[in-house]
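Quick note on my numbering: the sequence shown kicks off at 1 and runs consecutively. Quick reminder that beta carbons are idealized off the backbone N, C-alpha and C, glycines included.
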Amino acid sequence: MMIKYIKDHKVNLLIQILFLIVLGFILESLQLDRFAVIYTICIGVLCQIIVAAYDYLRKREFYKELEEYFSSLDKKYFLFEMIQEPSFEEGKIFYRWMEEICKSANDHLLLYKKEAVEYREYIEMWIHEVKTPVAAMRLMAENHPDERMRQIEEELNKIEYYLDQALYYARSSGVEKDYMVKELNLKKIVEKVIRSNARMLIKSKIKITMENMDQIVYSDEKWIEFILKQLLINAVKYRKETEPSIEFCAE
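Pasting the structure below:
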């Protein structure tokens with residue numbers, strides 16, 4: 001820090017040294033006592049050292065505090081709230097500019113958050129609205145069981161899956177409001193997901209095996225079901241083996 005300060009103020013220091021040298025020559029030309037000349041120069045050097053030390057210490061304190069808070073903060077735009085206004089003029093100018101920048105950043109952030117919340121609420125509302133006619137079409141397909149209706153039901157399953165995917169993605173930024181943690185049996189959760197996707201698994205001729213799944217965990221049921229469903233669909237979609245199988249096991 002000291003070396004950087006000296007480099008930054010090297011021009012001022014050189015001018016001050018030059019001034020003291022010129023002052024020494026002037027005093028010498030006036031035929032003053034050499035001891036008085038040296039004494040005067042020493043006092044000048046001491047005064048310059050004191051001024052430089054005072055200026056360095058107060059600036060070092062401000063910039064050291066600034067650096068510590070900046071490196072420790074996760075959200076850098078809160079930096080202005082942490083530091084104190086410095087006592088030197090250039091620091092005050094920097095402080096005022098930083099105040100305006102941080103205020104502008106916070107205003108934009110609040111606006112963005114508000115828009116994001118409104119958009120997420122709109123998406124959730126839209127998905128729930130779309131699910132109503134999907135459920136009605138599913139009921140119609142179940143009441144008229146034939147090959148064509150089974151195909152329609154499969155497509156409805158895909159639509160519902162994509163709707164759930166969009167809904168969970170919209171909620172992913174605020175999962176703390178959507179979690180309901182409770183005691184769950186992993187085996188029952190997996191069996192439930194397999195039953196809901198049984199037609200897809202049978203059609204793809206995928207063998208399902210389970211090992212050591214009778215485990216109790218604490219989590220959110222709908223999020224686990226969603227993740228498992230995604231894994232199943234991806235496994236079916238990207239399978240390569242002629243006799244594919246999916247194994248569920250727990251540790």
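Listed as beta-bridge partners of residue 204 by DSSP are no residues whatsoever. With distances taken between CA atoms, residue 88 lies nearest to 59 out of 59, 165, 113 and 104. With a contact defined as Cβ atoms closer than 8 Å, residue 153 and residue 141 qualify at about 4 Å. Rounded to the nearest whole angstrom, the C-alpha separation of residue 168 and residue 118 is 16 Å. Residue 71 sits in a helix when the DSSP states are folded into three classes.
Under the DSSP definition of a beta bridge, residue 184 partners with 217. Where residue 88 is concerned, there is no enclosing alpha helix (DSSP H), because DSSP gives it neither an H nor an E. Residue 241 carries a coil assignment under DSSP once its states are collapsed to helix, strand and coil.
In the three-state DSSP reduction, residue 247 falls in the strand class (E or B). Straight through space, the alpha carbons of residue 251 and residue 215 are spaced by roughly 9 Å. Here residue 139 is exposed, its C-beta having fewer than 16 other C-beta atoms within 10 Å. Beta-bridge partners of residue 209 (DSSP): 247. Look at residue 57 here: in three-state DSSP terms it is helix.
Under the three-pair Cβ rule at 8 Å, the region 218-233 counts as touching the region 177-189.
Bounds of the alpha helix (DSSP H) holding residue 165 are 147-171. For the pair residue 232 and residue 186, the CB atoms are not nearer than the 9 Å cut-off. Here residue 229 has 193 as same chain residues with Cβ atoms under 6 Å from its own Cβ, once five neighbours each way along the sequence are excluded. The three-state secondary structure of residue 111, taken from DSSP, is helix. Excluding its 5 nearest sequence neighbours in each direction, residue 91 has C-beta neighbours in its own chain below 6 Å: 62, listed in chain order.
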